[in-house]
Amino acid sequence: MGESIVSLIVCLICAVTFLGIGLYALKAKTPIHFWSGTVVKSEEITDIKAYNKANAIMWLVYGSLYIVAGILGFWSITLASILMGLSALPGLILLILVYRRIEKKYRIKG
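Quick note: the sequence shown, position 50, residue 79 per our numbering, numbers continuous.
Given below as structure tokens:
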């Protein structure tokens, strides 16, 4: 039971971080950025609201995986660990791929 609670706390810390980014993206009036140290200028994006919404959905789904993993830990710590592991490295790679698609769709060509 103790390991399940620790797992839940770790997952919730991750989830709150990613869900917070998603909620921020929904409210942002200027384009949010994905890469640390970069700025996406408003002039570079065709539809800022749709761009931010797509980013928000990406982050909200990613954060939700950690909530599911935390709750799953009460039934099977092994399955929770597998989901956390898959959410970490493969999940980050998937985030990069999804962001590239979002950027390609909404960035002004030329």
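All C-beta atoms, glycine included, are put in the ideal place defined by N, C-alpha and C.
These numbers come from a predicted model, not from an experiment.
Exercise for the section: Going by CA-CA distance only, name the one from Thr-59, Asp-76, Ile-50, Gly-49 that's closest to Tyr-135. Expected result: Asp-76
Exercise for the section: Determine the direct distance from the alpha carbon of Tyr-53 to that of Met-87, and round the result to whole angstroms. Expected result: 12 Å
Problem - Straight-line gap, Ile-38 to Gly-114 (C-alpha atoms, nearest Å) - result: 16 Å
Practice task
Write down the C-beta distance between Tyr-91 and Leu-124 rounded to the nearest angstrom, noting that I regard them as a contact closer than 8 Å.
Solution key: 6 Å
Practice task
Report yes if the C-beta of Ala-117 is less than 8 Å from at least one heavy atom of the ligand MG; otherwise report no.
Solution key: The ligand MG is not part of the structure shown, which contains no ligands of any sort.
Exercise for the section: Taking Lys-82 and Leu-55 to be in contact with their CB atoms under 8 Å, please state how far apart those CB atoms are, rounded to whole angstroms. Expected result: 7 Å
Exercise for the section: From the DSSP output, in three-state form, read off Ile-74 for me. Expected result: strand
Handout entry: Other residues of its chain near Pro-119: CB distance less than 8 Å, five sequence neighbours each side excluded
Key = none
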